[in-house]
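In my numbering, the protein residues as written are 5 to 214. Note that the Cβ used here is the ideal one computed from N, Cα and C, for glycine as well. Being a predicted model, the structure only gives us computed values, none of them experimental.
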Ligand SMILES: [Zn+2]
């Protein structure tokens, strides 16, 4: 079967929620376009200022870097700082030093759509502060979840298509693991579930923050 977009290359990727079969190139373009649209519509990046990427060697970190480079044609000053594990809201000494040294005002965190809905569910039932929902500001720094509207499964496909080397750490937290399992199960039956949840979260954010 041929790709339903370009009608030329072999369709190797199936996107159930869109009912589409795409070739690798068209799939990558689709994801890149979706992220670029999010950057534009939410005014996420100030291209005149330095950007710091928290690099935990995950596929999300690799993809974020790739998309920034593609979107801005290498015209932006993208710095990277290594982190061992991403703990949202927490900054290591190295990260703090880099922020100070480079006068950083925008930070990209390796974070996908699944991470966002798991974070939301966790807060809904547990912590309930929702401090780090959406792209958030803390101490005058904007924290950008560049891949907030890209599924974990899409990130995996993208990284494979682009032949990125990455290291994912399995989730250790029992509750987050359970939420993830449940979401995956529902999403298997209803392919649009995760996207609908993100949409609901978008509507709930202003209520929570008011
Ligand atoms: Zn194609």
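**Report entry** Check: residue 202 C-beta below 7 Å from any heavy atom of ligand 1
**Finding:** Not under cutoff, so the answer is no.
Requested in this report: Leaving out five residues on either side along the sequence, give the residues of the same chain with a beta carbon under 8 Å from the beta carbon of residue 13.
Outcome: Taken in chain order, the residues that qualify are 6, 7, 27, 28, 29, 30.
Requested in this report: Return yes when the C-beta of residue 19 is under 7 Å from any heavy atom of ligand 1, and no when it is not.
Outcome: No, since every heavy atom of ligand 1 falls outside the 7 Å radius drawn around the Cβ of residue 19.
Requested in this report: Spell out the partners DSSP gives residue 88 in its beta bridges.
Outcome: Partner residues in a beta bridge of residue 88, as assigned by DSSP, do not exist.
Query - Simplified DSSP assignment, three categories, for residue 11 - result: Residue 11: coil per DSSP, three-state reduction.
Query raised in the report: If you run the structure through DSSP and keep just helix, strand and coil, what is residue 58?
Result: In the structure shown, residue 58 sits in a strand (DSSP, three-state: E or B).
Query raised in the report: Under the criterion of a Cβ to heavy atom distance below 7 Å, does residue 12 qualify as lining ligand 1?
Result: With a cutoff of 7 Å, residue 12 counts as near ligand 1, since its C-beta is closer than that to a heavy atom of the ligand.
Report task. At 4 residues or longer, and completely inside the region 95-177: list those alpha helix (DSSP H) runs for me, N to C. Result -> Entirely contained in the region 95-177, the alpha helix (DSSP H) runs reaching 4 residues are, in chain order, 97-106, 117-129, 156-165.
Query raised in the report: My guess is that residue 159 and residue 40 are in contact by the Cβ rule of under 8 Å, so how many angstroms apart are they, rounded?
Result: Contact between residue 159 and residue 40 fails: their C-beta atoms lie close to 16 Å from each other, not under 8 Å.
Requested in this report: Answer yes or no: the CB of residue 95 versus the heavy atoms of ligand 1, is any distance below 7 Å?
Outcome: Distances taken from the Cβ of residue 95 to the heavy atoms of ligand 1 include none shorter than 7 Å.
Query - N- and C-terminal bounds of the alpha helix (DSSP H) containing residue 202 - result: Note, residue 202: alpha helix (DSSP H), 197-213.
Query raised in the report: How about residue 148 and residue 110: are their beta carbons less than 8 Å apart?
Result: Yes, the pair counts as a contact, with Cβ atoms nearer than the cut-off.
Report task. Measure the Cβ-Cβ separation of residue 205 and residue 197 and say whether it is below 8 Å. Result -> Contact flag unset, no.
Query raised in the report: Quick one: is the Cβ of residue 32 within less than 7 Å of any heavy atom of ligand 1?
Result: Checking every heavy atom of ligand 1 against the Cβ of residue 32, none is found closer than 7 Å.
Requested in this report: Tell me, please, whether the region 77-87 touches the region 44-57 by the rule of three or more beta-carbon pairs shorter than 8 Å.
Outcome: Taking 8 Å as the limit for Cβ pairs, the verdict is that the region 44-57 does touch the region 77-87.
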